[in-house]
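Read the structure below first, then the notes.
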Amino acid sequence: MKTILEVITIEMQKAFESAGVDASFAKVTLSNRPDLCEYQCNGALAAAKTCKKAPIVIANAVVEKLQSCRYFSEAVAVNPGFINLKAAPSLVAKYLNQMAVSENLGVEKEEKPKTIMIDYGGPNVAKPLHVGHLRSAIIGESIKRTARFKGNKVIADIHMGDWGYQMGLIITELEKRQPELPYFDENYKGEYPERAPFTIEELEEIYPTASAYAREHDEYREKALYATYLLQNGKRGYRALWSHIMKVSVRDLKKNYEQLNVEFDLWKGEADVQKYIPGMVAMLKEKEYARYDEGALVVDVQEEGDKKEVPPCMILKSDGAALYDTTDLATLLEREELYKPDEVIYVVDKRQELHFLQVFRCARKTGIVGERANLKFLGFGTMNGKDGKPFKTREGGIMRLENLIREIDEEMYKKIMDNRTVSEEEALSTAKIVGLAALKYGDLSNQASKDYVFDVDRFTSFEGNTGPYILYTIVRIKSILNKYQEMNGTLDGLVILEPSGDFEKALTLEAAKFNDVIDTVYEESAPHKNCAYIYDLANAFNKFYHETKILTEEDETKRLGYIALLKLVKEILETCIDLLGFEAPERM
Ligand code: ARG
30 MKTILEVITI EMQKAFESAG VDASFAKVTL SNRPDLCEYQ CNGALAAAKT CKKAPIVIAN
90 AVVEKLQSCR YFSEAVAVNP GFINLKAAPS LVAKYLNQMA VSENLGVEKE EKPKTIMIDY
150 GGPNVAKPLH VGHLRSAIIG ESIKRTARFK GNKVIADIHM GDWGYQMGLI ITELEKRQPE
210 LPYFDENYKG EYPERAPFTI EELEEIYPTA SAYAREHDEY REKALYATYL LQNGKRGYRA
270 LWSHIMKVSV RDLKKNYEQL NVEFDLWKGE ADVQKYIPGM VAMLKEKEYA RYDEGALVVD
330 VQEEGDKKEV PPCMILKSDG AALYDTTDLA TLLEREELYK PDEVIYVVDK RQELHFLQVF
390 RCARKTGIVG ERANLKFLGF GTMNGKDGKP FKTREGGIMR LENLIREIDE EMYKKIMDNR
450 TVSEEEALST AKIVGLAALK YGDLSNQASK DYVFDVDRFT SFEGNTGPYI LYTIVRIKSI
510 LNKYQEMNGT LDGLVILEPS GDFEKALTLE AAKFNDVIDT VYEESAPHKN CAYIYDLANA
570 FNKFYHETKI LTEEDETKRL GYIALLKLVK EILETCIDLL GFEAPERM
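This is the structure in structure tokens:
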């Protein structure tokens, strides 16, 4: 179905036309002065030049045509030529009732669904997940869910960092500790054991130990670099160890992401695309896109009009090793070949912006990516501590994701127990659900590109612009609806009435924005606008709730109308938080 702004714009177009003004000027937007009006149209100002008339004259003419339109309870022209509108209660009620019976609450699917790949998460295998990876996972997941809701085919790819120096380090450390293993025996021809020679706990200890040791000992570091080289060039025993590292780590990663309600379709990584590199390099040389620069193979990507220097894309180091640029180019090649995406969205730390600019330009210039594919870099800012510096543990180390989640859950548990509405056992599971909302909403409510301050106290509060506040509102509505059903009321076939009170009108207007908001969130890849919306909607609901007798309303028609409205508001809120990637508990 149409969004409410579309519905109103169509009426406005008719009025513009009958006033002799081109309909293309008749765009209606939400009011930015809600104290004066609900919707506004600035088209008269824009049309003044073409019409050779003063904007207010045009606005007056249009408003006159609107007087007979039943969609508006008020349409006035104000200087210098704005048209201020208030929607008729009947229009809003009709719109909401239609939403309530429509699939996806009336959100239209893309007419031509796209294949969209989202590259997010990006953990580095065998290194601990840290909070830097958290933002990518949370934002990417929400963008994925929203794009899917709009009817696109969306492929979520975790794109693991699984082919680097960390693997050489782990292999080197393992050889130091267990030289008797067959993986290190040059003459070993048999099958390698099926079981990994380490557990995830051991692996988690091995990497930091090896990494610290290598920093202090040149010989060890050289060995690790050489092990990386041998692995990348197919040394059998190392490949077998690599497979073990992958299996053990991926199992653990899956657990971590599951905890975050984050789900990937593809568990691919840098290693998967190594096979594309030789062919790609040959092509780049043959078609003379690449040149040698001090022994390294590079592709120039500087363009006319660049204000800053954009260094060349690095394809091969002078020793022949592939780099981060190379892997990302090869990944694009693979994506073109296997999935033919219309769009690839990268949700990565904004400090990697230059890397992606180079890769995108190189991919276009060399035909690795065709005309069709739109490449988008969605850079996010840093999560800082209260001191304004990148978030650390109390001891000053990098905060691991697991610990962060535990900290939030514990804080949430305390707060839920303080409320004393649920048993201890239920409080534990509820704390997990609400904790995740606190974490995700705390992140997503900020514009992704901005840095933000991670504040456990604020994020876990039941008041203010927080995840728990939104969930609390949903739980409140659920409890009213449950009570109503316990009193033998049915939720089927109820009709939302024309709003009469101010708070009721405000609530219905917020609810009617849903489709417009979702479209904007989708088009702009802007989950923070989803958060801003549900905060407004929750506020509108709570004001209405405090001013209105709902279940005790004596007029039955009215009472049932309220219930119908509550049911819709609940569905909107639940849909929105699902698109953000979290859910509401039954009680809290
Ligand atoms: N593993 C990388 C990191 O931790 C992020 C990967 C981002 N995605 C990509 N296609 N390069 O920085």
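For the numbering used here, add 29 to where a residue sits in the sequence shown, where the first one is 1.
Quick reminder that beta carbons are idealized off the backbone N, C-alpha and C, glycines included.
The beta-bridge partner set that DSSP reports for Cys342 consists of Val328. Distance from the CA of Lys507 to the CA of Lys599, rounded to the nearest whole angstrom, comes to 7 Å.
Under the three-state reduction of DSSP, Val373 is assigned to strand.
Excluding residues up to 5 positions away in sequence, Ile33, Val121, Tyr124 and Leu125 lie with their Cβ nearer than 7 Å to the Cβ of Ala541 in the same chain. Straight-line spacing of the CA atoms in Glu209 and Ala155 works out to 23 Å. In this structure, Asn285 lies away from Leu465, with their beta-carbon atoms at least 8 Å apart. Taking 8 Å as the cut-off, the Cβ atoms of Glu533 and Phe573 count as close. A residue is called buried when at least 16 other Cβ atoms come within 10 angstroms of its Cβ; Glu539 meets this threshold and is buried.
When rounded, the separation of the alpha-carbon atoms in Lys415 and Phe483 is 7 Å. Contact between the region 493–501 and the region 468–478 is present: 3 or more CB-CB pairs across the two stretches fall below 8 Å.
Under the DSSP assignment, Met146 falls in the beta strand (DSSP E) whose first and last residues are Thr144 to Asp148.
Between Ala460 and Asp486, the CB-CB gap reaches or exceeds 8 Å.
Taking the Cβ of Tyr368 as the reference point, every heavy atom of the ligand ARG lies at 7 Å or farther away. Secondary structure at His557: helix, using DSSP grouped into helix, strand and coil.
Between Ala359 and Met309, the gap from beta carbon to beta carbon is short of 8 Å.
Using a C-beta cut-off of 8 Å, the region 191–208 makes contact with the region 230–242, since at least three inter-stretch Cβ pairs fall below that distance. The ligand ARG has no heavy atom closer than 7 Å to the beta-carbon of His159. Spatial neighbours of Leu163 in its own chain (CB-CB distance under 6 Å, excluding positions within 5 residues in sequence) are listed in chain order as Leu430. Taking C-alpha positions only, Asp354 is separated from Trp296 by approximately 20 Å. With a threshold of 16 other beta carbon atoms within 10 Å, Val546 meets it and is buried. Considering only Ala613, Phe570 and Asp335, the residue with the shortest C-alpha distance to Leu595 is Phe570. Burial state of Asn113 is buried, judged by a 10 Å Cβ sphere holding 16 or more other Cβ atoms. In this chain, Lys405 is not harboured by any alpha helix (DSSP H); it is covered by the beta strand (DSSP E) spanning Asn403 to Phe409. Closest in alpha carbon position to Pro109, among Glu515, Val183 and Gly72, is Gly72. Secondary structure of Gln476 (DSSP, three-state): coil. In the DSSP assignment, Glu103 falls within the beta strand (DSSP E) that extends over Phe101 to Val107. Residue state for Phe385 is assigned as helix, using DSSP reduced to three classes. One alpha carbon belongs to Ala88, the other to Asn544, and they sit about 28 Å apart. Contact between Gly610 and Arg177 fails: their C-beta atoms lie close to 12 Å from each other, not under 8 Å. In this structure, the alpha-carbon of Thr519 lies about 8 Å from that of Tyr513. Here the region 391–411 makes contact with the region 361–373; the two share three or more CB pairs at distances below 8 Å.
At a cut-off of 7 Å, the beta-carbon of Asp521 does not count as near the ligand ARG: no heavy atom of the ligand is closer than that.
Boundaries for Tyr68: no alpha helix (DSSP H) harbours it, while the beta strand (DSSP E) harbouring it runs Tyr68 to Cys70, taken from the DSSP string.
Taking the Cβ of Val377 as the reference point, at least one heavy atom of the ligand ARG falls within a distance shorter than 7 Å. Under the DSSP assignment, Asp186 falls outside any alpha helix (DSSP H), being part of the beta strand (DSSP E) whose first and last residues are Lys182 to Asp186. Taking all protein chains in view, the Cβ of Ile427 is surrounded by fewer than 16 other Cβ atoms within 10 Å, so the residue is classified as exposed.
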